[in-house]
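Following: one structure in structure tokens, then a few remarks.
In the numbering used here, the protein residues as written are 313 to 467.
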């Protein structure tokens, strides 16, 4: 196996981790939210925050490193339009993902407090959840578009 194919494998693996973790996190947070059970939401959000920190963050760091190395190894210029579009979309995904991380942490903390007090979830939790849900569409959509651009290289 050449260095190029090893790095390409790691790059594809990073994309899989980002998409898989993102999909899993969205699914489990949505399912927990639908229960309206503060204790269950707090436990689920705690795991989600950990998963984002371990899996998503490591893949988000790996992607530009492995991508840059792939560019170097293949002599691909940064002026390739598909690559420029991918980098722009990566920035868009990041602009939506970073606030989502903080929203998840705050939603977890709000659910923990409500569970500890045997109280209903506060309105702030619901505001954050709606924003978190809305941010998922452009963030995940940008990631899906990047994957398509990496595979198709349409222009």
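Even glycine gets a Cβ: it sits at the ideal position worked out from N, Cα and C.
Between residue 402 and residue 422 the beta-carbon gap is near 30 Å, outside 8 Å, which marks them as no contact. Counting only unbroken stretches of 4 or more residues, the alpha helix (DSSP H) elements lying wholly within the segment 325 to 369 are 350 to 363, in sequence order.
Bounds of the alpha helix (DSSP H) holding residue 457 are 435 to 464. The Cβ atoms of residue 344 and residue 353 sit closer than 8 Å to each other. Linking residue 405 to residue 333 through their CA atoms gives a straight-line distance of about 14 Å. In the displayed model, residue 416 falls within a helix according to three-state DSSP. Classified as buried, residue 372 has 16 or more neighbouring CB atoms from the shown chains inside 10 Å of its CB.
In this structure, residue 420 and residue 361 form a Cβ contact; the two beta carbons are roughly 6 Å apart against a cut-off of 8 Å.
The segment 313 to 333 makes no contact with the segment 423 to 432, as fewer than three CB pairs between them are under 8 Å. In this structure, residue 374 sits near residue 322, with a CB-CB distance shorter than 8 Å. At a Cβ-Cβ threshold of 8 Å, residue 394 and residue 447 do not count as neighbours. The beta carbons of residue 426 and residue 350 sit closer together than 8 Å. If you draw a straight line from the Cα of residue 357 to the Cα of residue 456, it comes to about 24 Å. Distance from the CA of residue 324 to the CA of residue 439, rounded to the nearest whole angstrom, comes to 35 Å.
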